[in-house]
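Step one of this worksheet: look at the structure below.
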Amino acid sequence: MTDMKFKEINPSPRTLMTPGPVEADPRVLRAMGAHILGQFDPEFTALMNETMEMERYVFQTQNKMTYLVDTTSRGGLETVLTGAICPGDKVLIPAFGRFGYLLAEILERCGADITLLEREWGTVFEPEEIEEALKKDSYKAVAFIHGETSTSMMQPLKEIGEICEKYGALLIVDAVATLGGAEVHVDDWKLSACISGTQKCISAPSGSALITYNEQIEEIVKKRKKVEKGIRTADDVNGSLAGIPSNYLDLAQLEDYWSPRRLNHHTEATSMQYAVHEALRCIMDETLEARWARHSLNDKALCAGLNAMGLSIFGDIEHKMPVVTAINIPEGVDGKVIRGTLLNEFGIEIATSFGPLDGKILRIGNMGYSSQKRNILILLGALEAVMLQNHVKIATGEGVAAAMEVYKNAEK
6 MTDMKFKEIN PSPRTLMTPG PVEADPRVLR AMGAHILGQF DPEFTALMNE TMEMERYVFQ
66 TQNKMTYLVD TTSRGGLETV LTGAICPGDK VLIPAFGRFG YLLAEILERC GADITLLERE
126 WGTVFEPEEI EEALKKDSYK AVAFIHGETS TSMMQPLKEI GEICEKYGAL LIVDAVATLG
186 GAEVHVDDWK LSACISGTQK CISAPSGSAL ITYNEQIEEI VKKRKKVEKG IRTADDVNGS
246 LAGIPSNYLD LAQLEDYWSP RRLNHHTEAT SMQYAVHEAL RCIMDETLEA RWARHSLNDK
306 ALCAGLNAMG LSIFGDIEHK MPVVTAINIP EGVDGKVIRG TLLNEFGIEI ATSFGPLDGK
366 ILRIGNMGYS SQKRNILILL GALEAVMLQN HVKIATGEGV AAAMEVYKNA EK
(Lines of atoms letter the chains of each structure in order from A and count residues from 1; the text may use other names and numbers.)
(Lines give C-alpha, C1' and ligand atoms only; values in the text may rest on other atoms or scores of the structure.)
Protein backbone atom coordinates (compact mmCIF):
# COMPACT_ATOMS: atom_id res chain seq x y z
CA MET A 1 0.00 0.00 0.00
CA THR A 2 2.87 2.40 0.79
CA ASP A 3 3.97 2.36 -2.86
CA MET A 4 0.65 3.81 -4.07
CA LYS A 5 0.88 7.34 -5.39
CA PHE A 6 -2.00 9.78 -5.72
CA LYS A 7 -1.95 13.00 -7.69
CA GLU A 8 -2.53 16.39 -6.17
CA ILE A 9 -6.10 17.56 -6.79
CA ASN A 10 -5.98 19.76 -9.88
CA PRO A 11 -9.45 19.88 -11.52
CA SER A 12 -9.81 20.91 -15.16
CA PRO A 13 -11.08 24.48 -15.60
CA ARG A 14 -14.82 24.47 -16.26
CA THR A 15 -17.49 27.02 -17.07
CA LEU A 16 -20.39 25.75 -14.96
CA MET A 17 -23.66 26.73 -16.60
CA THR A 18 -25.80 24.12 -14.84
CA PRO A 19 -28.65 24.82 -12.42
CA GLY A 20 -26.15 24.03 -9.65
CA PRO A 21 -23.50 23.66 -8.61
CA VAL A 22 -22.09 26.81 -10.16
CA GLU A 23 -18.71 28.50 -9.95
CA ALA A 24 -17.86 29.80 -6.50
CA ASP A 25 -16.81 33.43 -6.27
CA PRO A 26 -12.96 33.47 -6.04
CA ARG A 27 -13.26 35.63 -2.91
CA VAL A 28 -15.23 32.82 -1.28
CA LEU A 29 -12.58 30.23 -2.19
CA ARG A 30 -9.85 32.48 -0.77
CA ALA A 31 -11.81 32.89 2.48
CA MET A 32 -11.97 29.09 2.84
CA GLY A 33 -8.17 28.99 3.11
CA ALA A 34 -8.12 31.11 6.29
CA HIS A 35 -6.85 29.80 9.66
CA ILE A 36 -9.12 27.44 11.57
CA LEU A 37 -10.62 28.93 14.73
CA GLY A 38 -12.20 27.03 17.60
CA GLN A 39 -15.99 26.95 17.36
CA PHE A 40 -16.45 28.88 20.61
CA ASP A 41 -13.62 31.34 20.02
CA PRO A 42 -15.18 34.84 20.36
CA GLU A 43 -13.77 35.71 16.91
CA PHE A 44 -15.63 32.76 15.42
CA THR A 45 -18.93 33.30 17.26
CA ALA A 46 -18.80 36.95 16.15
CA LEU A 47 -18.56 35.69 12.53
CA MET A 48 -21.59 33.46 13.14
CA ASN A 49 -23.58 36.45 14.40
CA GLU A 50 -22.58 38.50 11.35
CA THR A 51 -23.63 35.62 9.07
CA MET A 52 -27.10 35.62 10.68
CA GLU A 53 -27.43 39.38 10.15
CA MET A 54 -26.39 39.19 6.49
CA GLU A 55 -28.74 36.24 5.92
CA ARG A 56 -31.66 38.36 7.17
CA TYR A 57 -30.84 40.88 4.45
CA VAL A 58 -30.63 38.24 1.71
CA PHE A 59 -33.88 36.57 2.84
CA GLN A 60 -35.48 40.02 3.32
CA THR A 61 -36.69 39.12 6.81
CA GLN A 62 -36.59 40.22 10.43
CA ASN A 63 -36.88 36.63 11.70
CA LYS A 64 -34.73 36.06 14.76
CA MET A 65 -34.32 32.42 13.77
CA THR A 66 -32.17 32.87 10.67
CA TYR A 67 -29.00 30.81 10.61
CA LEU A 68 -27.06 27.98 8.92
CA VAL A 69 -27.23 24.21 9.11
CA ASP A 70 -24.06 22.23 8.30
CA THR A 71 -25.59 20.18 5.53
CA THR A 72 -26.56 20.52 1.89
CA SER A 73 -29.75 22.31 0.84
CA ARG A 74 -31.65 19.00 0.92
CA GLY A 75 -30.57 18.62 4.55
CA GLY A 76 -31.83 22.15 5.21
CA LEU A 77 -35.24 21.21 3.82
CA GLU A 78 -35.30 18.11 6.00
CA THR A 79 -34.25 20.10 9.09
CA VAL A 80 -37.06 22.63 8.78
CA LEU A 81 -39.75 20.21 7.62
CA THR A 82 -39.08 17.60 10.30
CA GLY A 83 -38.86 20.30 12.98
CA ALA A 84 -42.01 22.22 12.05
CA ILE A 85 -44.23 19.27 11.05
CA CYS A 86 -45.28 16.68 13.64
CA PRO A 87 -46.42 13.10 12.89
CA GLY A 88 -50.03 13.19 11.68
CA ASP A 89 -49.97 16.87 10.64
CA LYS A 90 -51.78 17.49 7.35
CA VAL A 91 -49.60 19.10 4.70
CA LEU A 92 -50.57 20.23 1.19
CA ILE A 93 -47.80 19.92 -1.41
CA PRO A 94 -48.42 21.51 -4.83
CA ALA A 95 -45.91 19.68 -7.05
CA PHE A 96 -45.00 21.03 -10.50
CA GLY A 97 -41.67 19.23 -10.94
CA ARG A 98 -39.19 16.86 -9.33
CA PHE A 99 -38.58 18.79 -6.13
CA GLY A 100 -42.21 19.02 -5.07
CA TYR A 101 -42.08 15.24 -4.86
CA LEU A 102 -38.92 15.53 -2.75
CA LEU A 103 -40.84 17.59 -0.16
CA ALA A 104 -43.47 14.82 -0.07
CA GLU A 105 -40.77 12.17 0.27
CA ILE A 106 -39.21 13.95 3.29
CA LEU A 107 -42.56 14.55 5.00
CA GLU A 108 -43.88 11.03 4.43
CA ARG A 109 -40.80 9.68 6.21
CA CYS A 110 -41.58 11.76 9.30
CA GLY A 111 -45.19 10.62 9.47
CA ALA A 112 -47.02 13.63 8.04
CA ASP A 113 -50.38 13.24 6.31
CA ILE A 114 -49.62 14.36 2.74
CA THR A 115 -51.96 15.64 0.04
CA LEU A 116 -50.31 16.12 -3.37
CA LEU A 117 -51.65 18.60 -5.92
CA GLU A 118 -50.03 17.88 -9.26
CA ARG A 119 -49.44 20.09 -12.28
CA GLU A 120 -48.00 19.38 -15.71
CA TRP A 121 -44.23 19.95 -15.72
CA GLY A 122 -43.53 23.29 -17.39
CA THR A 123 -46.43 25.14 -15.72
CA VAL A 124 -47.10 26.75 -12.32
CA PHE A 125 -50.11 26.91 -9.99
CA GLU A 126 -52.75 29.63 -9.97
CA PRO A 127 -53.50 31.06 -6.49
CA GLU A 128 -57.15 29.98 -6.89
CA GLU A 129 -56.08 26.32 -7.06
CA ILE A 130 -54.37 26.61 -3.68
CA GLU A 131 -57.31 28.45 -2.14
CA GLU A 132 -59.73 25.81 -3.44
CA ALA A 133 -57.67 23.06 -1.78
CA LEU A 134 -57.45 24.97 1.52
CA LYS A 135 -61.23 25.52 1.48
CA LYS A 136 -61.87 21.79 1.13
CA ASP A 137 -59.73 20.66 4.05
CA SER A 138 -57.79 21.98 7.04
CA TYR A 139 -54.00 21.87 6.68
CA LYS A 140 -51.23 22.58 9.16
CA ALA A 141 -48.95 23.71 6.31
CA VAL A 142 -48.43 24.19 2.59
CA ALA A 143 -44.96 23.20 1.35
CA PHE A 144 -43.98 24.82 -1.95
CA ILE A 145 -41.04 25.05 -4.35
CA HIS A 146 -40.24 28.62 -5.45
CA GLY A 147 -37.87 27.84 -8.33
CA GLU A 148 -38.37 24.36 -9.78
CA THR A 149 -35.02 23.73 -11.46
CA SER A 150 -36.21 20.48 -13.06
CA THR A 151 -38.60 22.45 -15.30
CA SER A 152 -37.15 26.02 -15.11
CA MET A 153 -40.47 27.35 -13.73
CA MET A 154 -40.78 29.92 -10.91
CA GLN A 155 -43.93 29.95 -8.77
CA PRO A 156 -45.32 33.40 -7.80
CA LEU A 157 -45.82 33.33 -4.03
CA LYS A 158 -47.12 36.69 -2.79
CA GLU A 159 -50.82 35.87 -3.24
CA ILE A 160 -50.29 32.34 -1.99
CA GLY A 161 -48.74 33.70 1.21
CA GLU A 162 -51.85 35.80 1.79
CA ILE A 163 -54.12 32.83 1.10
CA CYS A 164 -52.21 30.59 3.55
CA GLU A 165 -52.43 33.28 6.24
CA LYS A 166 -56.20 33.58 5.62
CA TYR A 167 -56.70 29.83 6.16
CA GLY A 168 -54.26 29.52 9.07
CA ALA A 169 -51.73 27.31 7.24
CA LEU A 170 -47.97 27.67 7.52
CA LEU A 171 -46.21 28.32 4.18
CA ILE A 172 -42.83 26.57 4.02
CA VAL A 173 -40.83 27.41 0.88
CA ASP A 174 -37.85 25.86 -0.89
CA ALA A 175 -35.90 28.80 -2.37
CA VAL A 176 -32.77 26.72 -2.95
CA ALA A 177 -32.45 27.77 -6.59
CA THR A 178 -33.65 31.37 -6.38
CA LEU A 179 -32.21 33.05 -3.27
CA GLY A 180 -29.57 35.58 -4.29
CA GLY A 181 -30.50 35.52 -8.00
CA ALA A 182 -34.24 36.18 -8.17
CA GLU A 183 -36.47 38.17 -5.84
CA VAL A 184 -37.34 36.46 -2.55
CA HIS A 185 -39.18 38.50 0.10
CA VAL A 186 -39.78 36.29 3.14
CA ASP A 187 -41.63 38.85 5.26
CA ASP A 188 -43.59 40.63 2.50
CA TRP A 189 -44.73 37.32 1.02
CA LYS A 190 -45.73 36.01 4.49
CA LEU A 191 -43.51 32.93 4.27
CA SER A 192 -43.47 31.00 7.56
CA ALA A 193 -40.13 29.39 6.69
CA CYS A 194 -37.70 29.54 3.80
CA ILE A 195 -34.75 27.29 2.99
CA SER A 196 -31.87 27.73 0.57
CA GLY A 197 -28.42 26.35 -0.20
CA THR A 198 -24.99 27.65 -1.06
CA GLN A 199 -24.16 26.01 -4.39
CA LYS A 200 -26.47 28.01 -6.63
CA CYS A 201 -27.03 31.79 -6.66
CA ILE A 202 -25.20 32.27 -3.33
CA SER A 203 -22.03 31.13 -5.18
CA ALA A 204 -20.20 29.11 -2.55
CA PRO A 205 -19.43 25.37 -2.60
CA SER A 206 -22.21 22.98 -1.63
CA GLY A 207 -22.27 22.14 2.08
CA SER A 208 -24.38 24.67 3.96
CA ALA A 209 -28.11 25.31 4.15
CA LEU A 210 -29.51 28.77 4.88
CA ILE A 211 -32.74 28.70 6.87
CA THR A 212 -35.16 31.21 8.34
CA TYR A 213 -38.48 30.72 10.15
CA ASN A 214 -40.98 32.83 12.03
CA GLU A 215 -42.30 32.88 15.62
CA GLN A 216 -45.13 30.44 14.81
CA ILE A 217 -42.60 27.75 13.93
CA GLU A 218 -40.40 28.80 16.86
CA GLU A 219 -43.33 27.97 19.16
CA ILE A 220 -43.79 24.53 17.59
CA VAL A 221 -40.07 23.81 17.95
CA LYS A 222 -40.12 24.88 21.62
CA LYS A 223 -42.94 22.39 22.29
CA ARG A 224 -40.89 19.60 20.66
CA LYS A 225 -37.62 20.41 22.44
CA LYS A 226 -35.63 17.67 24.10
CA VAL A 227 -31.97 18.42 24.82
CA GLU A 228 -29.77 15.30 24.77
CA LYS A 229 -28.89 13.87 28.17
CA GLY A 230 -25.14 14.48 28.08
CA ILE A 231 -25.48 18.26 27.69
CA ARG A 232 -28.82 19.10 29.31
CA THR A 233 -29.19 21.24 32.43
CA ALA A 234 -31.88 21.46 35.11
CA ASP A 235 -33.54 24.20 33.04
CA ASP A 236 -34.02 21.91 30.02
CA VAL A 237 -37.58 20.60 30.22
CA ASN A 238 -38.98 18.28 27.57
CA GLY A 239 -41.68 19.80 25.36
CA SER A 240 -45.29 18.61 25.22
CA LEU A 241 -45.31 17.57 21.53
CA ALA A 242 -43.63 14.60 19.83
CA GLY A 243 -39.85 15.04 19.81
CA ILE A 244 -37.92 15.86 16.63
CA PRO A 245 -36.79 12.52 15.11
CA SER A 246 -33.27 13.61 14.12
CA ASN A 247 -30.56 14.57 16.59
CA TYR A 248 -28.24 16.20 14.06
CA LEU A 249 -31.03 18.07 12.24
CA ASP A 250 -32.79 19.07 15.47
CA LEU A 251 -34.08 22.65 15.12
CA ALA A 252 -34.51 23.02 18.89
CA GLN A 253 -30.88 22.20 19.66
CA LEU A 254 -29.60 24.08 16.61
CA GLU A 255 -31.40 27.22 17.86
CA ASP A 256 -29.50 26.93 21.15
CA TYR A 257 -26.26 26.32 19.27
CA TRP A 258 -26.65 29.57 17.30
CA SER A 259 -28.00 31.56 20.27
CA PRO A 260 -25.93 33.17 23.06
CA ARG A 261 -26.25 29.86 24.96
CA ARG A 262 -23.87 28.23 22.41
CA LEU A 263 -25.10 24.72 23.21
CA ASN A 264 -22.33 22.24 22.39
CA HIS A 265 -24.42 20.39 19.80
CA HIS A 266 -21.95 19.73 16.97
CA THR A 267 -18.70 21.13 15.64
CA GLU A 268 -19.36 23.94 13.20
CA ALA A 269 -17.90 23.46 9.70
CA THR A 270 -15.35 26.22 10.10
CA SER A 271 -14.17 26.75 6.52
CA MET A 272 -17.74 26.48 5.24
CA GLN A 273 -18.78 29.17 7.72
CA TYR A 274 -16.04 31.40 6.28
CA ALA A 275 -17.33 30.63 2.77
CA VAL A 276 -20.94 31.56 3.51
CA HIS A 277 -19.93 34.68 5.43
CA GLU A 278 -17.86 35.88 2.47
CA ALA A 279 -20.54 34.91 -0.10
CA LEU A 280 -23.18 36.89 1.82
CA ARG A 281 -20.77 39.82 2.21
CA CYS A 282 -20.26 39.81 -1.58
CA ILE A 283 -24.05 39.90 -2.09
CA MET A 284 -24.40 42.84 0.29
CA ASP A 285 -21.52 44.60 -1.45
CA GLU A 286 -23.23 44.20 -4.85
CA THR A 287 -26.73 44.81 -3.31
CA LEU A 288 -29.70 42.55 -3.94
CA GLU A 289 -31.25 44.98 -6.42
CA ALA A 290 -28.11 45.03 -8.58
CA ARG A 291 -27.79 41.26 -8.31
CA TRP A 292 -31.41 40.68 -9.39
CA ALA A 293 -30.89 43.08 -12.31
CA ARG A 294 -27.67 41.30 -13.37
CA HIS A 295 -29.34 37.88 -13.46
CA SER A 296 -32.34 39.33 -15.29
CA LEU A 297 -30.20 41.01 -17.96
CA ASN A 298 -28.09 37.89 -18.55
CA ASP A 299 -31.27 35.81 -18.78
CA LYS A 300 -32.73 38.23 -21.33
CA ALA A 301 -29.53 38.05 -23.43
CA LEU A 302 -29.41 34.25 -23.24
CA CYS A 303 -33.05 33.86 -24.31
CA ALA A 304 -32.63 36.39 -27.14
CA GLY A 305 -29.62 34.41 -28.38
CA LEU A 306 -31.38 31.04 -28.18
CA ASN A 307 -34.46 32.37 -29.97
CA ALA A 308 -32.39 34.06 -32.70
CA MET A 309 -30.51 30.82 -33.24
CA GLY A 310 -33.81 29.06 -33.81
CA LEU A 311 -33.85 26.91 -30.65
CA SER A 312 -37.13 26.74 -28.74
CA ILE A 313 -37.41 27.48 -25.02
CA PHE A 314 -39.42 25.02 -22.95
CA GLY A 315 -42.43 25.73 -20.74
CA ASP A 316 -44.62 28.66 -19.74
CA ILE A 317 -42.28 31.53 -20.68
CA GLU A 318 -44.13 34.03 -18.49
CA HIS A 319 -43.15 32.02 -15.40
CA LYS A 320 -39.64 30.99 -16.45
CA MET A 321 -36.97 31.45 -13.80
CA PRO A 322 -34.39 34.16 -14.57
CA VAL A 323 -31.69 31.78 -13.32
CA VAL A 324 -32.54 28.62 -15.32
CA THR A 325 -33.51 28.23 -18.98
CA ALA A 326 -34.65 24.94 -20.51
CA ILE A 327 -34.44 24.33 -24.25
CA ASN A 328 -36.23 21.64 -26.23
CA ILE A 329 -33.73 19.20 -27.71
CA PRO A 330 -34.05 19.44 -31.51
CA GLU A 331 -35.53 16.46 -33.37
CA GLY A 332 -33.07 13.70 -34.19
CA VAL A 333 -30.33 14.88 -31.79
CA ASP A 334 -29.15 13.10 -28.65
CA GLY A 335 -29.00 15.53 -25.72
CA LYS A 336 -26.13 13.54 -24.18
CA VAL A 337 -24.03 14.19 -27.28
CA ILE A 338 -24.72 17.94 -27.08
CA ARG A 339 -23.76 18.04 -23.39
CA GLY A 340 -20.73 15.80 -23.88
CA THR A 341 -19.34 17.88 -26.75
CA LEU A 342 -19.86 21.14 -24.85
CA LEU A 343 -17.97 19.69 -21.90
CA ASN A 344 -15.17 17.90 -23.76
CA GLU A 345 -14.49 20.49 -26.46
CA PHE A 346 -15.35 23.76 -24.71
CA GLY A 347 -15.16 22.97 -20.98
CA ILE A 348 -18.76 24.14 -20.55
CA GLU A 349 -21.20 22.11 -18.49
CA ILE A 350 -24.99 22.33 -18.88
CA ALA A 351 -27.57 19.89 -17.51
CA THR A 352 -30.08 17.28 -18.58
CA SER A 353 -33.44 16.80 -16.81
CA PHE A 354 -35.46 14.17 -14.95
CA GLY A 355 -38.67 12.18 -15.07
CA PRO A 356 -41.02 13.00 -17.95
CA LEU A 357 -38.55 15.57 -19.33
CA ASP A 358 -35.53 13.26 -19.41
CA GLY A 359 -34.06 13.32 -22.90
CA LYS A 360 -36.45 16.07 -24.01
CA ILE A 361 -34.86 19.24 -22.63
CA LEU A 362 -31.46 20.64 -21.74
CA ARG A 363 -31.16 23.07 -18.83
CA ILE A 364 -28.84 26.06 -18.74
CA GLY A 365 -28.00 27.73 -15.43
CA ASN A 366 -27.44 31.48 -15.08
CA MET A 367 -26.59 31.62 -11.39
CA GLY A 368 -24.47 33.66 -9.03
CA TYR A 369 -20.84 34.10 -10.08
CA SER A 370 -21.51 32.09 -13.27
CA SER A 371 -24.08 34.69 -14.34
CA GLN A 372 -21.69 36.79 -16.43
CA LYS A 373 -21.91 38.39 -19.85
CA ARG A 374 -18.78 36.55 -21.06
CA ASN A 375 -20.21 33.17 -20.02
CA ILE A 376 -23.50 33.83 -21.83
CA LEU A 377 -21.73 34.84 -25.05
CA ILE A 378 -19.22 31.96 -24.94
CA LEU A 379 -22.00 29.44 -24.26
CA LEU A 380 -24.10 30.70 -27.18
CA GLY A 381 -21.12 30.51 -29.54
CA ALA A 382 -20.21 27.01 -28.36
CA LEU A 383 -23.82 25.80 -28.54
CA GLU A 384 -24.09 27.04 -32.13
CA ALA A 385 -20.94 25.14 -33.10
CA VAL A 386 -22.16 21.92 -31.46
CA MET A 387 -25.61 22.17 -33.04
CA LEU A 388 -24.07 22.69 -36.49
CA GLN A 389 -21.78 19.70 -35.94
CA ASN A 390 -24.92 17.64 -35.22
CA HIS A 391 -26.65 18.87 -38.41
CA VAL A 392 -29.28 20.96 -36.61
CA LYS A 393 -30.63 23.71 -38.86
CA ILE A 394 -29.99 26.94 -37.00
CA ALA A 395 -29.48 30.57 -37.98
CA THR A 396 -25.69 30.78 -38.07
CA GLY A 397 -24.12 33.80 -36.37
CA GLU A 398 -27.45 35.11 -35.05
CA GLY A 399 -27.34 33.87 -31.44
CA VAL A 400 -24.30 35.77 -30.17
CA ALA A 401 -25.28 38.86 -32.19
CA ALA A 402 -28.77 38.95 -30.62
CA ALA A 403 -27.35 38.61 -27.11
CA MET A 404 -24.80 41.37 -27.77
CA GLU A 405 -27.62 43.61 -28.95
CA VAL A 406 -29.42 43.09 -25.62
CA TYR A 407 -26.28 44.10 -23.72
CA LYS A 408 -25.71 47.09 -26.00
CA ASN A 409 -29.28 48.35 -25.46
CA ALA A 410 -28.93 47.91 -21.69
CA GLU A 411 -25.93 50.25 -21.67
CA LYS A 412 -27.87 53.09 -23.34
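According to the numbering used here, the residues represented by the sequence shown are 6 to 417, in order.
Ideal placement from N, C-alpha and C gives every residue a C-beta, glycine not left out.
Annotation for I318: C308, L311, N312, K325, T330, A331, I332 and N333 place their beta carbon closer than 8 Å to its own, counting only its chain and skipping 5 residues before and after. Apart from the 5 residues on each side of it in sequence, Y374 sits with its Cβ closer than 6 Å to the Cβ of E28, D30 and S208 in its chain, given in chain order. Annotation for T217: the continuous beta strand (DSSP E) segment containing it runs A214 to Y218. Put simply, the stretch 75-95 touches the stretch 253-267. At least three CB pairs are less than 8 Å apart. G373 carries a helical assignment under DSSP once its states are collapsed to helix, strand and coil.
Relative to the Cα of L175, the nearest Cα in the group A406, I216 and I222 belongs to I222. Annotation: A180 is outside any alpha helix (DSSP H) and is labelled neither H nor E by DSSP. C206 sits in coil when the DSSP states are folded into three classes, being neither helix nor strand.
The continuous stretches of alpha helix (DSSP H) do not include I119, which lies in the beta strand (DSSP E) extending over residues D118 to E123. Remark: C-beta atoms of M70 and Y218 approach each other more closely than 8 Å. Secondary structure note for V147: it is in no alpha helix (DSSP H), and the uninterrupted beta strand (DSSP E) holding it is A146 to I150. Sequence-distant Cβ neighbours of L121 in its own chain, meaning closer than 7 Å and more than five residues away, are I98, A100 and A109. Going by DSSP, A284 is part of the alpha helix (DSSP H) stretching over T275 to E291.
Taking a 10 Å sphere around the C-beta of I41, we find fewer than 16 other C-beta atoms and assign the residue as exposed. Excluding its 5 nearest sequence neighbours in each direction, G102 has C-beta neighbours in its own chain below 6 Å: W126, E153, S155 and T156, listed in chain order. T71 sits in a strand when the DSSP states are folded into three classes. When T238, V232, S264 and I225 are compared, the shortest CA-CA separation from L246 is found for I225. For N333, the three-state secondary structure derived from DSSP is strand. Taking 4 residues as the shortest admissible run, the stretch 22-108 contains the following complete alpha helix (DSSP H) segments, listed from N- to C-terminal end: 31-36, 47-64 and 78-89. The criterion of a C-beta distance shorter than 8 Å is satisfied by H151 and A180. Out of S143, A182 and H190, the CA that lies nearest to the CA of C169 is found in S143. The distance from the Cβ of V189 to that of T183 is about 6 Å, consistent with a contact at the 8 Å cut-off.
The beta carbon of A415 sits closer than 7 Å to the beta carbons of L302 from its chain, once the five residues preceding and following it are set aside; these are given in chain order.
Looking at the DSSP output, R368 bridges to A331 and A356. Using a Cβ distance threshold of 8 Å, A214 and T84 count as a contacting pair.
M409 sits in a helix when the DSSP states are folded into three classes. Between P250 and G212, the alpha-carbon positions lie close to 22 Å from each other. R19 is a Cβ neighbour of G352, given a cutoff of 8 Å.
In the assembly as shown, K230 is a buried residue. Its beta-carbon has 16 or more other beta-carbons within 10 Å. Rounded to whole angstroms, F104 and N371 show a C-alpha spacing of 19 Å. Residue range K163 to K171 is occupied by the alpha helix (DSSP H) that includes C169.
G202 is a Cβ neighbour of S78, given a cutoff of 8 Å.
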